[in-house]
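A.B. asks:
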Amino acid sequence: MKNRITYSDIAKLARVSTATVSKVLNNKPGVSQATREAVLDACHKLGYTPNWVARSLRLKKTHSIGLIVPDLMNHFFSEFSKGVQLHAQERGYTVLLGDSFENEENEKLLVETFIKRQVDALVIISTVPNPGYVHHVPIPLVFADRPVEGAKYLVTSDNFRGGFIGTEYLIKAGRRNLLIISGPQRFSTNKQRVSGCKEALLTYADKGVRFRFLEVEAVSVDTGMELGEKIAKEKHPPDAVFALSDLLAVGMLKVLRKKFSIPHDLSLLGFDNIRECEYVTPEISSIHQEKFQMGLEAVKMAIDCVESADLSPRTKIFPIKLIVRAST
Numbered sequence: 059m060k061n062r063i064t065y066s067d068i069a070k071l072a073r074v075s076t077a078t079v080s081k082v083l084n085n086k087p088g089v090s091q092a093t094r095e096a097v098l099d100a101c102h103k104l105g106y107t108p109n110w111v112a113r114s115l116r117l118k119k120t121h122s123i124g125l126i127v128p129d130l131m132n133h134f135f136s137e138f139s140k141g142v143q144l145h146a147q148e149r150g151y152t153v154l155l156g157d158s159f160e161n162e163e164n165e166k167l168l169v170e171t172f173i174k175r176q177v178d179a180l181v182i183i184s185t186v187p188n189p190g191y192v193h194h195v196p197i198p199l200v201f202a203d204r205p206v207e208g209a210k211y212l213v214t215s216d217n218f219r220g221g222f223i224g225t226e227y228l229i230k231a232g233r234r235n236l237l238i239i240s241g242p243q244r245f246s247t248n249k250q251r252v253s254g255c256k257e258a259l260l261t262y263a264d265k266g267v268r269f270r271f272l273e274v275e276a277v278s279v280d281t282g283m284e285l286g287e288k289i290a291k292e293k294h295p296p297d298a299v300f301a302l303s304d305l306l307a308v309g310m311l312k313v314l315r316k317k318f319s320i321p322h323d324l325s326l327l328g329f330d331n332i333r334e335c336e337y338v339t340p341e342i343s344s345i346h347q348e349k350f351q352m353g354l355e356a357v358k359m360a361i362d363c364v365e366s367a368d369l370s371p372r373t374k375i376f377p378i379k380l381i382v383r384a385s386t
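Just so we're aligned: the sequence shown equals residues 59 to 386 in the numbering used here.
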């Protein structure tokens, strides 16, 4: 009969203490990723398989977090997801990932599915500003990027400031005919960005700046290309475009650079600072958001809620900054 493998056996092979083995096998924090891997490797070599199901039943926790994002093809959300994954691993949690494809019904279904899977908490970038499940979900909910009504826990960026400094930069650069394009105003992130732009225009009202605002429903590269075609046909086109999403800016650049010398004839500024901004010619100036750090903070908040039942409501707002490149 095979001898029963003990924590001491695992600790000896992994060259750690039995307390460290216990932390790893019970998904406790305070253990480096290298040490965690060494312990799990020792378990594998010894043929030891932890009974995760029994542990979950005993602790009434699964040490898993559900993550729902609107579009994994968007590098903003993929960078955010990386931050969530990294911190969750460090805290001994597994992340279950779902893509809602910017669809409210898909989002609701994912929430229901993750609750059935008994995740300990949910981190969500919502597709709607007022999801009906907010007050009915029995586990901690942390919302990120897009604020929603009734949220107790939120991680986002200073979108108002981003709109302000972007508009201010274009005005100070001598641009006097601005086109500002935003996504749907039902999202408070877009509202805040537009409000920041308007505040800058008021601040520099004496500069004689002409401006237009345009709202689009679909924020995508394809939409940006369509907008670029329209701008290229205008009799009096703008001398600067502030696209409040990099996806729009990337799409517009594909078209506008065929007719205009950028930035000599027309400056193009984006928002989010996704990787595509550096993959095009000319490289696109953008308002930088701390996407990865937002993911880290969101899942940290979620796990803190799980491990501290009395955690008070809180909001974390990350600062933003302007990244100047060749398009302006």
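For glycine and all other residues, C-beta sits at the position ideal for the given N, C-alpha and C. Just so we're clear, the structure is a prediction, and the values are computed from it rather than from any experiment.
In the structure shown, what three-state DSSP assignment does valine 74 receive?
C.D. replies: In the structure shown, valine 74 sits in coil (DSSP, three-state: anything other than H, G, I, E or B).
A.B. asks: Using alpha carbons as the reference points, say which of Ala360, Ile375, Glu257 and Cys255 lies closest to glutamate 348.
C.D. replies: Glutamate 348 has its Cα closest to that of Ile375, out of Ala360, Ile375, Glu257 and Cys255.
A.B. asks: If you count every other CB in all the chains shown that lies within 10 Å of the CB of tyrosine 151, and 16 or more means buried, which is it?
C.D. replies: It counts as buried.
A.B. asks: Measure the beta-carbon distance from isoleucine 342 to glycine 220 and round it to whole angstroms, keeping in mind my assumption that it falls under 8 Å.
C.D. replies: Isoleucine 342 to glycine 220, Cβ: 15 Å. No contact.
A.B. asks: In terms of alpha-carbon separation, which member of Glu275, Lys119 and Ile182 lies closest to serine 303?
C.D. replies: For the residues Glu275, Lys119 and Ile182, the minimum Cα distance to serine 303 belongs to Glu275.
A.B. asks: Run through DSSP, which three-state label would serine 325 get?
C.D. replies: If DSSP states are grouped into helix, strand and coil, serine 325 belongs with the strands.
A.B. asks: Only counting the same chain, and skipping five residues up and downstream in sequence, which positions put a Cβ closer than 8 Å to that of leucine 272?
C.D. replies: Counting only Cβ-Cβ distances below 8 Å, and skipping sequence neighbours, we find Leu237, Ile238, Ile239, Ser240 and Leu285.
A.B. asks: Tell me which residue opens and which closes the beta strand (DSSP E) that tyrosine 227 is part of.
C.D. replies: Not the beta strand (DSSP E): tyrosine 227 falls in the alpha helix (DSSP H), residues 217 to 230.
A.B. asks: Please determine, among Val364, His145, Arg94 and Glu226, the residue with the shortest C-alpha to C-alpha distance to proline 196.
C.D. replies: If we check each option's Cα against that of proline 196, Val364 comes out closest.
A.B. asks: Would you mind stating whether alanine 72 and alanine 92 have Cβ atoms separated by less than 7 Å?
C.D. replies: Not a contact, by the Cβ cut-off of 7 Å.
A.B. asks: So is valine 382 buried or exposed if we call it buried at 16+ other beta carbons inside 10 Å?
C.D. replies: Answer is exposed; the Cβ neighbour count stays below 16.
A.B. asks: Using only the alpha-carbon positions, how far apart do aspartate 323 and glutamate 336 sit?
C.D. replies: If I take the Cα positions, the gap works out to 21 Å.
A.B. asks: Using only CA atoms, which one of Arg268, Lys174 and Lys312 lies nearest to histidine 294?
C.D. replies: The candidate whose alpha carbon is nearest that of histidine 294 is Arg268.
A.B. asks: Please classify leucine 260 as buried or exposed, where buried requires at least 16 neighbouring CB atoms within 10 angstroms.
C.D. replies: So leucine 260 ends up on the exposed side.
A.B. asks: Alpha carbon to alpha carbon, what distance is there between tyrosine 211 and proline 87?
C.D. replies: Cα-Cα distance, rounded: 22 Å.
A.B. asks: Of all the CB atoms in chain D, is at least one closer than 7 Å to the CB of phenylalanine 269?
C.D. replies: In the structure shown, chain D cannot be found, because there is only a single protein chain.
A.B. asks: Counting along the chain, where does the alpha helix (DSSP H) carrying valine 279 start and finish?
C.D. replies: Element bounds for valine 279: 279 to 290.
A.B. asks: Could you compute how far the alpha carbon of alanine 307 sits from the alpha carbon of glutamate 334?
C.D. replies: Alanine 307 and glutamate 334: Cα-Cα distance of roughly 10 Å.
A.B. asks: Determine whether the beta carbon atoms of glutamate 137 and phenylalanine 329 lie at a separation below 7 Å.
C.D. replies: Against a cut-off of 7 Å, the Cβ pair of phenylalanine 329 and glutamate 137 comes out as no contact.
A.B. asks: Whose C-alpha, out of Arg94, Gln176, Gly254 and Phe201, is nearest the C-alpha of asparagine 188?
C.D. replies: When only C-alpha atoms are compared, the closest one is Phe201.
A.B. asks: Over the uninterrupted beta strand (DSSP E) stretch that includes isoleucine 126, give me the two end residues.
C.D. replies: Per DSSP, isoleucine 126 belongs to the beta strand (DSSP E) from 122 to 127.
A.B. asks: In its own chain, which residues sit with a C-beta less than 7 Å from the C-beta of isoleucine 378, not counting the 5 before and 5 after it?
C.D. replies: Ser215, Asp216, Arg219, Gly220, Ile345, His346 and Gln347, listed in sequence order.
A.B. asks: Restricting to Cα atoms, I'd like to know which of Ile123, Pro321 and Glu165 is closest to valine 177.
C.D. replies: When each option's Cα is compared against that of valine 177, the closest is Ile123.
A.B. asks: Going by CA-CA distance only, name the one from Val277, Arg149 and Leu327 that's closest to leucine 228.
C.D. replies: If we check each option's Cα against that of leucine 228, Leu327 comes out closest.
A.B. asks: Does the stretch 203 to 210 touch the stretch 150 to 167, meaning 3 or more C-beta pairs lie closer than 8 Å?
C.D. replies: Not touching, per the Cβ criterion.
A.B. asks: Might you give, ordered along the chain, the residues of its own chain that have their beta carbon closer than 8 Å to the beta carbon of lysine 140, omitting 5 neighbours on each side?
C.D. replies: Excluding residues within five positions, the ones whose Cβ falls inside 8 Å are Phe350 and Gly353.
A.B. asks: Is glutamate 273 helix, strand or coil when you go by DSSP?
C.D. replies: If DSSP states are grouped into helix, strand and coil, glutamate 273 belongs with the strands.
A.B. asks: Comparing alpha-carbon positions, which option in Met359, Tyr106, Thr386 and Ser366 lies nearest threonine 373?
C.D. replies: Selected option, being the one with the closest Cα: Met359.
A.B. asks: Report yes if the CB atom of alanine 290 is closer than 7 Å to the CB atom of lysine 317, and no otherwise.
C.D. replies: The answer is yes: Cβ separation under 7 Å.
A.B. asks: Per DSSP, threonine 214 forms a beta bridge with which residues?
C.D. replies: Its beta-bridge partners are Ile375.
A.B. asks: Excluding the 5 residues flanking asparagine 161 on each side, which residues of the same chain have their C-beta closer than 8 Å to its C-beta?
C.D. replies: Contacts found: Thr185.
A.B. asks: Within 10 Å of its beta-carbon, does arginine 94 have 16 or more other beta-carbons around it, so buried, or fewer, so exposed?
C.D. replies: Buried: at least 16 other Cβ atoms inside 10 Å.
A.B. asks: Compute the distance between the beta-carbons of valine 338 and leucine 305, then report whether it is under 7 Å.
C.D. replies: No, they are not a contact pair.
A.B. asks: Buried or exposed for proline 321, going by 16 or more other Cβ atoms inside 10 Å?
C.D. replies: Per the 10 Å Cβ criterion, buried.
A.B. asks: Measure from the alpha carbon of histidine 194 to the alpha carbon of each residue in Arg175, Glu170, Tyr106 and Val213, then state which is nearest.
C.D. replies: Selected option, being the one with the closest Cα: Glu170.
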